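Read in UniProt numbering, the sequence shown has 60 at position 60, and its numbers run on one by one without any break. For each residue, glycine too, the CB sits at the ideal point set by N, CA and C. Since the structure is predicted, the reported quantities are computational estimates derived from the model, not experimental observations. Comments concern the structure below.
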Amino acid sequence: MQFIQEDPVTKIRALFDCADPEWQSYLSPLTSYFSFTEYEFVVVTKEQVDAGENTRKGYDIIVKGNFGLKLSECYTVGKPHIYISYERYDVKPNKDVPYSLRFSNVLQEEHGEMEEIIYLPYVSNFLVKGKYTNFSCIRTCSVAYCSSNTVPIREHAFNEFVLKFGEENCSSFGRCFGSYESTNKRLEGGHKSKQLLNALSNCKFMLCFENADVPGYITEKIALAYKAGCIPIYLGTDVVSEYFNSKSFINLKNFSSVKSCAEYVYSLGNREIDSIRREPIFVGDNGGFSNNTPRDLSIINPSDDNVEKFRRWADKLVTKPINISL
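Printed below as a string of structure tokens:
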């Protein structure tokens, strides 16, 4: 009697090291994407390593997620790295990390030749309606600006809105304040700071301009406005309308200039503002709108091209150019 033995599943063991525990929400979609017939993606977190489960060596992949950390500062054990970044940093291989990948928050490649980059849509897991979205409260500040990275178009836009609304009706909460330092009420802490959210909950509109207009590049800025109950004034990728209801925010690209956008916002009455704020936030899977969880990788049906890209990546990882002992 002849027994047919199926090919064994190749196990790829990964060490997931990330300072922010909430980023571990990426593990579920990451592992599901690697659940091909040929591969079993086994994840071990840094917490397990620190608890003595294993050493930092012996992993096929290092998944690193510290914001702003250079790849050269990651564990250099001669293994491929996946670098989770909330910005579009170009992570380049070095002598210690010969095969480098970036798990980014953009949806598609900005450069066709960068095939070794894996793209992931930014997903905000802190969008919970409630505490900061009281529609009945009176908001005394008209326009909020929260940025610590000087980008000319953002500075120019804030100046235009201050000219239209007046310095007393505009507030800046980061290191940037355009030409109007009098508006600056700088707050410490990141975008999840309760102090910042409390301040924004007193504002009607919030400037949400991305650092760059890159296809699919959507960050926490628009999500922060929604959480605080502000109406986002957005400038960035056109893909934003595939995830967020276009009636729930003001898109600067729909105007001929920043000045004309500021004039439009200034013309809105209380009823119109309230109507925009009450619009559902997210685009649902069926094309409708919803205030529920945004579409993330765990519920999006990825395109065939995306899945094929992951398959190619897994094949390359196991075979060449890295010599991995499995």
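- Contact between Phe-173 and Cys-146 is confirmed by a C-beta separation of about 5 Å, below the 8 Å threshold.
- Take Ile-276, set aside five residues on each side of it, and the residues of its chain with a beta-carbon closer than 6 Å to its own are Ile-231, in chain order.
- Taking all protein chains shown into account, Ala-212 has fewer than 16 neighbouring C-beta atoms within 10 Å of its C-beta and is therefore exposed.
- The residue among Ser-193, Glu-181 and Leu-252 with its C-alpha nearest the C-alpha of Glu-210 is Leu-252.
- The straight-line gap separating the alpha-carbon atoms of Phe-165 and Val-283 is approximately 31 Å.
- The beta carbons of Phe-255 and Ile-233 sit no closer together than 7 Å.
- Burial is judged here by how many other beta carbons sit within 10 angstroms of a residue's own beta carbon; Gly-269 has fewer than 16 and is exposed.
- Bounds of the beta strand (DSSP E) holding Cys-203 are 203 to 209.
- In the three-state reduction of the DSSP assignment, Phe-165 falls in the helix class, which pools H, G and I.
- The beta-bridge partner set that DSSP reports for Leu-235 consists of Phe-209.
- Less than 7 Å separates the beta-carbon of Cys-203 from that of Cys-141.
- According to the DSSP assignment, Tyr-266 belongs to the alpha helix (DSSP H) that extends over 258 to 267.
- Judged by DSSP in its simplified three-state form, Ile-273 adopts helix.
- Distance from Glu-160 to Ala-262 at the Cβ level is roughly 5 Å; contact confirmed, criterion being Cβ atoms closer than 8 Å.
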